[in-house]
Each structure stands twice: as C-alpha cells, then as structure tokens.
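Visitor: I am attaching a structure below and will ask some questions about it afterwards.
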Amino acid sequence: MKPQDIQVLKEIARFEQDTPEAEYPLGWSWRQVRIWPSTLNRLVIEDLIRVTFSSNSYTGYRLTENGRLLASESETLLVTKEPRTLKIPDDLFSPIEGYEEVKELIRRVLRSKKPVHILFTGVPSSG
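Residue 85 in the numbering used here sits at position 84 of the sequence shown; the count goes up by one each step and never skips.
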C-alpha cells in the first residue's frame, strides 16, 4: 500500500461522513470523490472498498471496515524510512585488473547523491 492510498482512504471516509447516505443510495462514484477509477479498482482488490452497484454507466462504492479502520488509524500505521548510507567495500574491484579509469568512474557513480545509470556492454566475464 502506498502512502497516497492512506490519503485517498481519508478523503473517502470524510466524504462518507459528511455526505448523507440518501444522496448516494447505490454507493458513491469516482466522480463524487474525485479519485481515478484505476485507484479505486486497486482498493477493491485490497478489500478496502467494495462495489455496491455496477452497471454500464455507473459503479457505486463504499468503504469496507478494513478501509475505515485504515483511514482512522493511518497516523499510527505510517512508518517512515530512515535514510541509511551504504559503505562501498575497498576491495570491490580487486578481482579486476587494469581499467583504473572505469573503476574510478563506477566508484564516483556509486557515491553520487543523484542516481546515475551505467550501461555495461560485452560478454559477461570476458575480461
């Protein structure tokens, strides 16, 4: 589950709480909550919302108990990832002889803050 999904569930819960159920007896649609149908389909698969009505022109949804629980307790469930630094071993290139410029370039790429892509060509282990 993405952090954006928690925000989506909060918006849906707010809509269901603030809007009288008489206004959406078949369930609310994606237009009412302003959330893309593809996102809603993923939430249906994850059993966070359910389809209450479906026709060619309208699909009604409602929050499940799981979705309501996640929306209300989301602050305690969010886990923040602490950034960690990885150490590049000194002997990373010890099996490779020569190619000092290439090895230095790879070391610089691995240490860079922004991601840099390298494309290696040739037959593997053809050194």
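The beta carbon of each residue, even a glycine, is placed where N, CA and C say it ideally should be.
1) Where does the unbroken beta strand (DSSP E) through residue 54 begin, and where does it stop?
2) Is residue 109 helix, strand or coil when you go by DSSP?
3) Give the single residue among 52, 93, 47, 72 whose Cα lies nearest to the Cα of residue 31.
4) State the Cα-Cα distance for the pair residue 19 and residue 72, rounded to the nearest angstrom.
5) Quick one: what's got a C-beta closer than 8 Å to residue 38's C-beta in the same chain, skipping five residues either side?
6) I'd like to know whether the C-beta atoms of residue 44 and residue 68 end up nearer to each other than 8 Å.
Guide: Judging by the given coordinates:
1) 50-55 is the span of the beta strand (DSSP E), which, as asked, contains residue 54.
2) The answer is helix: DSSP assigns residue 109 an H, G or I state.
3) For the residues 52, 93, 47, 72, the minimum Cα distance to residue 31 belongs to 52.
4) 15 Å
5) 31, 60
6) yes
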